[in-house]
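> One structure is given below, represented as structure tokens, and several questions about it will come after.
Protein chains: 2
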Amino acid sequence: MARNVAQKLIANHLVEGVMEPGTEIGLSVDQTLTQDATGTMVMLELESLGLDRVRTELSVQYVDHNLLQTDEKNPDDHAFLQSAAERFGVWFSKAGNGVSHPVHQAHFGRPGTTLIGSDSHTCAAGALGMLAVGVGGLEVAMAMAGQPLYVAMPQVWGVELTGELPDWVSAKDVVLEMLRRHGVTGGVGRVIEYHGPGLEQLTAMDRHVIANMGAELGATASVFPADDAALDYLEAVGRSKDFTRLVADEGAEYDLTEHIDLSGLEPLIAMPSSPGNVVPVAEAAGEEVSQVVVGSSANPGLRDFAVVAEILQGRQSHSGVSVDINPTSREVLADLISGGWLTSLVASGARIHQSGCLGCIGMGQAPATGRSSLRTMPRNFPGRSGSEEDSVWLCSPETAAAAALTGRITDPRTLTESHDLTYPRPTMPDRYSTVAGMLEEPLPPEEAERVELVKGPNISTLPQFDPVEDDLSVPVLLVMGDDVSTDEIMPAGSRVLPFRSNIPKISQFSFSRIDGSYAQRTKGAEHGHVVLAGENYGQGSSREHAVIGPRYLGLRAVIAVSFARIHWQNLTNFGIVPLELDDPEDLQAVSVDDEVVLEGLHDALRSGRGLTATIGGREVGLHHTLSDRQVDMVLAGGRIPLTAQSI
Amino acid sequence: MARNVAQKLIANHLVEGVMEPGTEIGLSVDQTLTQDATGTMVMLELESLGLDRVRTELSVQYVDHNLLQTDEKNPDDHAFLQSAAERFGVWFSKAGNGVSHPVHQAHFGRPGTTLIGSDSHTCAAGALGMLAVGVGGLEVAMAMAGQPLYVAMPQVWGVELTGELPDWVSAKDVVLEMLRRHGVTGGVGRVIEYHGPGLEQLTAMDRHVIANMGAELGATASVFPADDAALDYLEAVGRSKDFTRLVADEGAEYDLTEHIDLSGLEPLIAMPSSPGNVVPVAEAAGEEVSQVVVGSSANPGLRDFAVVAEILQGRQSHSGVSVDINPTSREVLADLISGGWLTSLVASGARIHQSGCLGCIGMGQAPATGRSSLRTMPRNFPGRSGSEEDSVWLCSPETAAAAALTGRITDPRTLTESHDLTYPRPTMPDRYSTVAGMLEEPLPPEEAERVELVKGPNISTLPQFDPVEDDLSVPVLLVMGDDVSTDEIMPAGSRVLPFRSNIPKISQFSFSRIDGSYAQRTKGAEHGHVVLAGENYGQGSSREHAVIGPRYLGLRAVIAVSFARIHWQNLTNFGIVPLELDDPEDLQAVSVDDEVVLEGLHDALRSGRGLTATIGGREVGLHHTLSDRQVDMVLAGGRIPLTAQSI
């Protein structure tokens, strides 16, 4: 049978189940990546599991999130992660080395392999013909311990690209067009596979941009073929030996199809405060801008900075704008220097920051109250920037540079006339810089087993969670709407993230953006509680703290209209029951403090998909989509207690 | 009469008093600088005073401290400062443009002029033959309003330099030698004037290093002659037209004298946690290091980064060390790029940060718990780094680079053998880069008067303070030891500084490093309170919040053995009475909660130097050193209420 790229990748790694969309399958995992915000928890999980050495082909721990070091907590975590990487046989990318996804692609990306990562943008590696999936930290810990990844077999969504991108329109606009058409849930349950003649124009780094923001579409993964563009890229990073061609068979079909004519695209922008609020830049033009930030995994390529530098070259950025440049990695920085681009950026008035995620994860770079910030980043959920009343827009480097020049949202196509600018097409070096010294190889086993974990005073062991009760009778503490993001369930940012290895402390921030009284009110519900929500509950980041925090405070079940994939997985991993409403209208009838009664929950979950609860005295029909494996896990109190014995 | 450089500078600006050491003099002020941490308060003071336009030759507002932007407060302040600079006719140096002192020297330094700044390291400008004094923000506001600077006429301390610095020993070691000999109070009441044949070897930027850390010696100012080195420098920044030769007259004498043979110096280091704990690096060698930070106003010259780059060139920094580079300014960054040095630093594994003060003021770069951090910065008071249990050492760029290579404190002289290194002497460009675009000129008056101040939600107006009561009967809330720094009175760092424009909020942090219950306990003392301390009370930064915060909580008088100059001035400016113990032994007999009774305080202060208090029932002899002007000011509740009518 003719197979597409996604089907080939899945078939080659299938260890459990059958490739029937919607059913659970188990996939072998070749590579893992963890970043520091989620990685400390992963390392503590490996410690809880008693693992001696990772069983993947390759696992890498990056430090790219918590770089600000306003007190000892972040550097203590860095030291802990370095020691844990040494202990468990993991590569270690030091603080300031760069953003995980592009660094991983440059050093470890290999067509035909599987990668999972405890960061939702892990999917970026699909650019090189990998099946790359962002998951919760515990999934990664399990893969590092040699276990398969369990996911629902996705539908494969073929997106055919034809035509050529016009001047001033680039890869970011392609994925913004997908978001304009389909919003933040359009990719749920799907792998997006890009194909067609339009691919020829897109380099591996362009594809990285598009694959990265598959996360914003809610997709399980985004996949590109491993063709000449992948080979060109691997040659440019000095690893052509790692190339394997991987393209769809002739006549391969897709579960769903889509077509984008690249020639018809124009510069697009996501308005505050969702990546799904996409409009043409021309429609938003004129809005005053106080900050422009260039960087992050969503526009990480040398080209994405070089094009900004060439637009700003010989010009002064606008007096009212802070232009912040976050070079992706030491290697991109080295190439920006040698290409002369950094000099142009500095001369134009840009602030050059260290390499890392920074403002993308709310680590600094917060904008002023109520003032617009344009970013080449992937997300703009409310408050994610760190500012209370933020107004963050997402766009291409070209659109960002235009605003840096004019101080207003500006369609970059107008620069040709207003600034006498020809669309710059920067020439990339044949060979990118390699600065590998800060990427440390795993220790050999005999040295690794002697390493002691270095735990600062803020790093505590994982709390143990009890199995879920068979008869639940607990109050509703929150009733929420649609598209609640993990940023709202558990904020990131410099105030909260430093406590990521300290569950009792970080749990106090749970739902604080939605209802500041939540943590306090959980104390009055000694037998636990539930929360209710609308569609797409838990969209956004893969952070497990959005599950562990509320669980620590007594959350037993979430009842929602629908769930975002990674968060749903995380709920089951930590023993919180995810239940869906048969009738979305039932949500309207529920109030805070209603009593939820679920009797005989264990049998009900085991015996089928449907069950009935009483909420505030009314009978409400519910169902679940857990596999038998997941039911066992939830009822045991999560995956760690269930698995620890077998490792 | 033959005059030294300091006497010439003072004589040329004397508008009140006579040049008799210890008596108060008034000096005209040519230039002022403010930075953002203290500048928001200065601008609010100008607003309170009703000033229309600054009356100095030149005033500059820098944004170099609060660059992290973890929420909206810092960027809101930046916007406020930009609007205030426009409103009052002040130059504005945008966030990320660079550290105030070296940027000021490059763009505005002019021999023979006076400069005051609301930053204790303003004294660095003495490198160019200026009389430059760090003072509280209110002093700067008054100077901007055209008033003289009042100081006690200092003694002039002539430090003769002879000989030549050996390899691996540089300017930082010269000032560390001064601190080794004299500690953190050795310069109190003095202007340090460097002279002698050893000067020939020291460039203007070397002199900047030495003059800068005059603040750590407690000196009123440090002064160098404006000789060929100053001319060379002004030529290199394209301003030779601003050169005036200013050297001591032949036969000029000094109130005190000192001699340093540069040839006899070796690499020195200040141990945790005071700039006065200086020992030879060789004595500390072997101590494990987890962080090396290069930057700040104490080692800001291109040369200071270039020498590190040349030591690290072609080598990898140690795996256990985070090497953090804070380029002083956009201009230094531009020169680091064009000289090839930035490439060497990146390749060696350094983290390149934005330009600004950063870790020097506890804005990020906090070290891990209990691990040693080596910094080319000027201060290492406990906790200033942001970490609870910090261990910060101060050293030259050479010593910092040696530790970056070896992971331990290392005498850089040993690198010749261990790393086959010849002492690098980087060649400086004839002309430094100029990136002036982010340094914005004052608006013309007709435009300036139309500017509205932009106040974010966290910027509040100044509270008004009552005059001091004539009969005080209030409790002692703290009894402290010697050398209490302003970092202990009012911490800086990313948690506290964002509230600098919000007195009710920031006051809650007063004395929190010394006694966490202080702010709470002030509530029980409704008629106010006093605190007692030992010698050199209020050393360190010039921050006025260390006075305004406690004053807001009811502090009426500080009784100490002795005071640091700037803080003493700040106390009087905000209506807190600074009193000195006749007998230091009396401090031992005082306990917290003792009642302090001061009757007829107004007359006592006006009629002479001495007065008597009853503390805990015992009679205690006190004295003050306030001028008549200052007595009026203190009794009126501070300088703002006293002055506002006359502006």
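Residue numbers (our numbering), protein chains in the order written: chain A, 1 to 647; chain C, 648 to 1294. Glycine included, C-beta positions come from ideal geometry on N, C-alpha and C.
(1) Under 7 Å, CB to CB, which of the residues in the segment 991-1012 of chain C have a partner in chain A?
(2) Residues in the same chain with beta-carbon distance under 6 Å from G112(A), minus the five sequence neighbours each way, listed in chain order, please.
(3) Are G554(A) and I506(A) close, meaning C-beta to C-beta below 9 Å?
(4) By Cβ distance, which residues of its chain are closer than 8 Å to L903(C), with the 5 residues on each side in sequence left out?
(5) Taking only beta-carbon positions, decide if A1015(C) is within less than 9 Å of chain A.
(6) Tell me whether the segment 466-480 of chain A and the segment 520-534 of chain A touch, counting them as touching only if at least three CB pairs, one residue from each stretch, are closer than 8 Å.
(7) Assuming H107(A) and S297(A) form a contact by the criterion Cβ under 8 Å, report the distance between their Cβ atoms to the nearest whole angstrom.
(8) Near Y1070(C), which residues of its chain fall below 6 Å by C-beta distance, leaving aside the five closest residues on each side in sequence?
(9) Quick check: the Cα distance between D173(A) and I361(A), rounded to an integer number of angstroms?
(10) Evaluate G1128(C) with the Cβ neighbour count: other Cβ atoms within 10 Å of its Cβ, from every protein chain shown; 16 or more gives buried, anything less gives exposed.
(11) Using a Cβ-Cβ cut-off of less than 7 Å, give me the residues of the segment 452-468 of chain A that come near chain C, in sequence order.
(12) Would you list the residues sitting across from V278(A) in a DSSP beta bridge?
(13) Check whether the Cβ atoms of A731(C) and M690(C) lie closer than 9 Å to each other.
(14) Going by C-alpha to C-alpha distance, which of V15(A), P75(A), R53(A) sits closest to V454(A)?
(15) Which stretch, first to last residue, makes up the beta strand (DSSP E) that contains Q155(A)?
(16) So what's H768(C) in DSSP terms, helix, strand or just coil?
(17) Assign K523(A) to one of two classes, buried (16 or more other C-beta atoms within 10 Å of its C-beta) or exposed (fewer than that).
(18) Name the residue from D874(C), I1262(C), S1188(C) whose alpha carbon lies nearest to the alpha carbon of T685(C).
(19) Enumerate, from N- to C-terminal direction, the unbroken alpha helix (DSSP H) stretches of 4 or more residues contained entirely within the segment 716-750 of chain C.
(20) Measure from the C-beta of P75(A) to each C-beta in chain C and report whether the shortest distance is under 9 Å.
(21) Take G1163(C) as the anchor and find which of P1138(C), P914(C), G843(C) has the nearest alpha-carbon.
(22) Can you tell me whether DSSP reads W988(C) as helix, strand or coil?
(23) At which residues does the beta strand (DSSP E) containing G673(C) begin and terminate?
(24) Does the CB of A79(A) have a neighbour CB from chain C at under 9 Å?
(25) Taking the Cβ atom as the reference point for each residue, do T114(A) and D30(A) lie within a distance shorter than 9 Å?
(26) Throw me the rounded Cβ distance for the V346(A) and V993(C) pair, which I believe falls under 8 Å.
(27) Hey, H855(C) and A895(C) are a contact pair by Cβ (cut 8 Å); roughly how many whole angstroms apart?
(28) State the Cα-Cα distance for the pair W1040(C) and E824(C), rounded to the nearest angstrom.
(29) Within 10 angstroms of its Cβ, does S1238(C) collect 16 or more other Cβ (buried), or is it exposed?
(30) Quick check: what's the CA-CA separation for L33(A) versus H906(C)?
(31) Report the residues of the segment 1050-1081 of chain C with a CB closer than 7 Å to any CB of chain A, ordered along the chain.
(32) Just the C-alpha distance for V1205(C) and I1223(C), rounded to the nearest angstrom, thanks.
(33) Would you mind reading off the limits of the alpha helix (DSSP H) that contains W815(C)?
(34) Output needed in chain order: residues of the segment 322-336 of chain A with a Cβ under 7 Å from some Cβ in chain C.
(35) Report yes if the CB atom of G1140(C) is closer than 9 Å to the CB atom of R1031(C), and no otherwise.
(36) DSSP three-state call for L1090(C): helix, strand or coil?
If we stick to the structure as given:
(1) For the segment 991-1012 of chain C, which is checked against every Cβ of chain A, the residues closer than 7 Å are V993, A994, G996, R998, I999, H1000, Q1001, G1011, Q1012.
(2) Closer than 6 Å at Cβ, skipping near neighbours: T244, L246.
(3) no
(4) Only Q802, V803, W804, G805, R837 meet the Cβ criterion.
(5) yes
(6) yes
(7) Actually they are not in contact, since the Cβ atoms of H107(A) and S297(A) sit about 15 Å apart, beyond 8 Å.
(8) D814, W815
(9) Rounded to the nearest angstrom, the two C-alpha atoms are 22 Å apart.
(10) exposed
(11) Against chain C - using a Cβ distance shorter than 7 Å - the residues of the segment 452-468 of chain A are G456, P457.
(12) A270(A)
(13) yes
(14) P75(A)
(15) 155-162
(16) helix
(17) exposed
(18) S1188(C)
(19) 720-735
(20) For P75(A), the answer is yes, since a Cβ of chain C falls inside 9 Å of its Cβ.
(21) P1138(C)
(22) W988(C) falls in the helix class under three-state DSSP.
(23) For G673(C), the enclosing beta strand (DSSP E) begins and ends at 671-674.
(24) Nearest CB-CB separation between A79(A) and chain C: below the 9 Å threshold.
(25) yes
(26) With 8 Å as the limit, V346(A) and V993(C) do not qualify as a contact, their Cβ atoms being about 14 Å apart.
(27) H855(C) to A895(C), Cβ: 20 Å. No contact.
(28) 15 Å
(29) When all chains shown are included, S1238(C) counts as exposed.
(30) 60 Å
(31) none
(32) Straight-line Cα distance between these residues: approximately 7 Å.
(33) Taken as a continuous stretch (DSSP letters only), W815(C) belongs to no alpha helix (DSSP H), as it is neither H nor E.
(34) From the segment 322-336 of chain A, only S322, R330, L333, A334 have a Cβ closer than 7 Å to chain C.
(35) yes
(36) coil
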